[in-house]
Each structure stands twice: as C-alpha cells, then as structure tokens.
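Asks:
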Amino acid sequence: KNEVEQSPQNLTAQEGEFITINCSYSVGISALHWLQQHPGGGIVSLFMLSSGKKKHGRLIATINIQEKHSSLHITASHPRDSAVYICAVKVGDYGKLTFGQGTILTVHP
Amino acid sequence: KAGVTQTPRYLIKTRGQQVTLSCSPISGHRSVSWYQQTPGQGLQFLFEYFSETQRNKGNFPGRFSGRQFSNSRSEMNVSTLELGDSALYLCASHQTTRFGTQYFGPGTRLLVL
Numbered sequence: 106k107n108e109v110e111q112s113p114q115n116l117t118a119q120e121g122e123f124i125t126i127n128c129s130y131s132v133g134i135s136a137l138h139w140l141q142q143h144p145g146g147g148i149v150s151l152f153m154l155s156s157g158k159k160k161h162g163r164l165i166a167t168i169n170i171q172e173k174h175s176s177l178h179i180t181a182s183h184p185r186d187s188a189v190y191i192c193a194v195k196v197g198d199y200g201k202l203t204f205g206q207g208t209i210l211t212v213h214p
Numbered sequence: 083k084a085g086v087t088q089t090p091r092y093l094i095k096t097r098g099q100q101v102t103l104s105c106s107p108i109s110g111h112r113s114v115s116w117y118q119q120t121p122g123q124g125l126q127f128l129f130e131y132f133s134e135t136q137r138n139k140g141n142f143p144g145r146f147s148g149r150q151f152s153n154s155r156s157e158m159n160v161s162t163l164e165l166g167d168s169a170l171y172l173c174a175s176h177q178t179t180r181f182g183t184q185y186f187g188p189g190t191r192l193l194v195l
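So the sequences go chain by chain: E and Y.
The first sequence begins at 106 in the numbering used here and counts up one residue at a time.
The second sequence begins at 83 in the numbering used here and counts up one residue at a time.
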C-alpha cells in the first residue's frame, strides 16, 4: 500500500460543477502539499497545509491531521482547471516529498 | 524574483552515456530537491541538498548523484544511462523552514534511446 493514496484517479466534470479530490496518508506528517500539473510538465504548488483549511480563489484545501486525510475542492469548475492534481506529504523538517499518484481532472464546457 | 530554472529542457541520450542536469533555485533559497517523474512510478524523490550538503536521499541506485554549489545552484548526474531512466526530472527550491513551500522548475525531459 502506498503511503499516499488519492481518489478518484480520474474525474470528469461539467463546467460549473463542484469538485472534490481526496488524499489519505498513512504516516505522521509535518505538512501536506496540493500541486497542479498541466500537460507539458510544469508543477505549481497550490497549497501547503499543516492544519485546518486554506482558500485561494475558487480552490479550498482542508486537512484533518487525526484522520490523516485532506481534500481539495474546486468550486464553479472551469475548463482551465483541467490538469493533474497531486497530493504530496512531507515528513519531518527536511524537503523530501512523498507523492500520491495524482488525479486527472477534465472539465468540459 | 526569477523562478526556478532548469537546463537543458530536453535531452536525448543513448544507453551507457552519462548526463548532467542543472537547476538554479530562486534567489535566497538554500535548499534544492530533485524528483523523477515517469508514467509508471509517478513522482519520486531523488535527493535534497542544503548548503552544499546532501541531507536526504531517495531509493535510487548509485548511478544517480548530485551536488550543490556555494551559490545554491545544483546539478544531478546520471551515469551509465538505462532505457528506464527516461523521465521528466524536476527540481524544486525551498526555504529551509519546516513549512516552506517548494517551487518547482519546468523540468528536464530526458529520453534514453
């Protein structure tokens, strides 16, 4: 079993829909990252969480440390949100990240 | 501030050759981490450098090595290339605090023939 599990692996939505991507992990962590990767490879860090909830525009990320679970929500989804979303966890103070397998999101107009 | 830069962006090599990839972090960032991304294995941690010292290493063979210079620029080297080394190699720079965000470069896409 992987240390970081994401669900679903693939997600198709219509423009305007509310989207949720889930991430579960099995180790104690110091922080959790949500990353976005568009075709072509570039990775952008969306959020870094160690507790609670963060919001940026239409994106919301939450984390429950006790349950070892995090969610990424996209409100009012748009075709430009189509990308791979990756959950990554950091253990301890060093920079090593352990990644989930990614969720491929496709938003149709 | 300029972002993380990686050179070259694309590279084609043949089996048995060696390759060196370069990463220049964001100004002021002293930590650089390297990752390999393949369709089969996804993203995997290679190593992390801080102040010219390797402070963490992933589960990769000794053919994969790296170093960091005094200006925080980092290089990684892969010797005796194998077909399975074909991948996107990403570096990320970050500050050294526990909660520092990692900023990824555009990656170097390596194809081994």
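Think of the CB as a built atom: it goes at the ideal place given N, C-alpha and C, for glycine as much as any other residue.
Using only alpha-carbon positions, find the residue among E/His-161, E/Gly-121, E/Gly-145 and E/Asn-169 that is nearest to E/Asn-127.
Replies: Your numbering for residue 127 of chain E matches position 22 in the first sequence. Closest by alpha carbon: E/Asn-169.
Asks: Flag E/Ile-148 as yes if its beta-carbon sits less than 8 Å from any beta-carbon of chain Y, otherwise no.
Replies: On the first sequence, residue 148 of chain E is found 43 positions in, with the first residue counted as 1. Answer yes: the Cβ-Cβ gap between E/Ile-148 and chain Y drops below 8 Å somewhere.
Asks: Checking the sheet assignment: what are the DSSP bridge partners for E/Gly-157?
Replies: Translated into positions along the first sequence, residue 157 of chain E becomes position 52. Looking at the DSSP assignment, E/Gly-157 forms a beta bridge with E/Ile-168.
Asks: Rounded to whole angstroms, what is the Cα-Cα separation between Y/Thr-102 and Y/Asn-141?
Replies: Along the second sequence, one-based indexing puts residue 102 of chain Y at 20. Along the second sequence, one-based indexing puts residue 141 of chain Y at 59. Near 19 Å, if we compare the C-alpha coordinates of Y/Asn-141 and Y/Thr-102.
Asks: Quick one: does Y/Tyr-92 have its CB under 8 Å from some CB of chain E?
Replies: Sequence index remark: in the second sequence, residue 92 of chain Y carries index 10 (1-based). No, because no Cβ of chain E sits closer than 8 Å to the Cβ of Y/Tyr-92.
Asks: Mind pulling the chain Y residues with CB within less than 8 Å of E/Thr-203?
Replies: Along the first sequence, one-based indexing puts residue 203 of chain E at 98. By Cβ distance, chain Y contributes Phe-127.
Asks: Can you say whether Y/Gln-92 is buried or exposed, counting buried as having 16 or more other CB atoms within 10 angstroms of its CB?
Replies: Position 10 of the second sequence, counted from the first residue, corresponds to residue 92 of chain Y. Note that residue 92 of chain Y is Tyr in the sequence shown here, rather than Gln. Counting of Cβ neighbours within 10 angstroms places Y/Tyr-92 among the exposed residues, the total staying below 16.
Asks: Relative to the alpha-carbon of Y/Phe-151, which residue among Y/Phe-127, Y/Lys-95, Y/Phe-132 and Y/Gly-122 has its alpha-carbon at the smallest distance?
Replies: In the second sequence, residue 151 of chain Y corresponds to position 69, counting from 1. Of Y/Phe-127, Y/Lys-95, Y/Phe-132 and Y/Gly-122, the residue nearest in Cα terms is Y/Phe-132.
Asks: Give every residue of the same chain whose Cβ lies closer than 6 Å to the Cβ of E/Phe-152, excluding the five residues on either side of it in the sequence, and list them in chain order.
Replies: Taking the first sequence and counting its residues from 1, one reaches residue 152 of chain E at position 47. Leaving aside the five residues that flank E/Phe-152 on each side, the residues in its chain whose CB is nearer than 6 Å to its CB run, in chain order, Trp-139, Lys-159 and Ala-166.
Asks: Beta carbon of E/Ser-182, beta carbon of E/Gly-121: below 8 Å?
Replies: Along the first sequence, read from residue 1 onward, the residue named residue 182 of chain E stands at position 77. Along the first sequence, read from residue 1 onward, the residue named residue 121 of chain E stands at position 16. Contact: yes.
Asks: Would you please state the rounded distance, in angstroms, between the beta carbons of E/Lys-195 and E/Tyr-130? I believe it to be under 8 Å.
Replies: The residue you call residue 195 of chain E lines up with position 90 of the first sequence. The residue you call residue 130 of chain E lines up with position 25 of the first sequence. No, E/Lys-195 and E/Tyr-130 are not in contact; Cβ-Cβ is about 11 Å, not under 8 Å.
Asks: So if I threshold CB-CB distances at 9 Å, which residues from the stretch 177-207 of chain E count as touching chain Y?
Replies: Ile-191, Ala-193, Lys-195, Gly-197, Asp-198, Tyr-199, Gly-200, Lys-201, Leu-202, Thr-203, Phe-204, Gly-205, Gln-206 and Gly-207
Asks: From the beta carbon of E/His-138, is the nearest beta carbon of chain B less than 8 Å away?
Replies: Reference to chain B is not applicable here, since the protein chains of this structure are E and Y.
Asks: Buried or exposed, going by whether 16 or more other CB atoms sit within 10 Å of the CB of E/Phe-123?
Replies: For this step, residue 123 of chain E is matched to residue 18 along the first sequence. E/Phe-123 comes out exposed.
Asks: Under a CB-based cut-off of 8 Å, is Y/Pro-188 close to chain E?
Replies: As a working mapping, residue 188 of chain Y is identified with position 106 in the second sequence. By this cut-off, Y/Pro-188 is an interface position.
Asks: Helix or strand or just coil, what does DSSP make of E/Arg-185?
Replies: Counted from its first residue, the first sequence places residue 185 of chain E at position 80. If DSSP states are grouped into helix, strand and coil, E/Arg-185 belongs with the helices.
Asks: Is Y/Leu-170 close to chain E, meaning its C-beta is less than 8 Å from at least one C-beta of that chain?
Replies: Position 88 of the second sequence, counting from 1, holds the residue named residue 170 of chain Y. It does; some Cβ of chain E falls within 8 Å.
Asks: List the residues of chain E that Y/Gln-88 touches, going by C-beta distances under 8 Å, in chain order.
Replies: Residue mapping note: residue 88 of chain Y aligns to position 6 of the second sequence, counting from 1. Within chain E, no C-beta atom comes nearer than 8 Å to that of Y/Gln-88; the closest sits roughly 10 Å away.
Asks: On the CB-based measure, 16 or more other CB atoms within 10 Å of its CB, does Y/Ser-156 come out buried or exposed?
Replies: For this step, residue 156 of chain Y is matched to residue 74 along the second sequence. Y/Ser-156 is buried by the Cβ-count criterion.
Asks: What does Y/His-176 reach in chain E if we use C-beta pairs closer than 8 Å?
Replies: Taking the second sequence and counting its residues from 1, the one referred to as residue 176 of chain Y is at position 94. By Cβ distance, chain E contributes Gly-200.
Asks: Whose Cβ in chain E lies nearer than 7 Å to the Cβ of Y/Thr-135?
Replies: Locating residue 135 of chain Y in the second sequence gives position 53, where the first residue counts as 1. Near Y/Thr-135 there are no residues of chain E at all, since even the closest Cβ is about 12 Å away, more than 7 Å.
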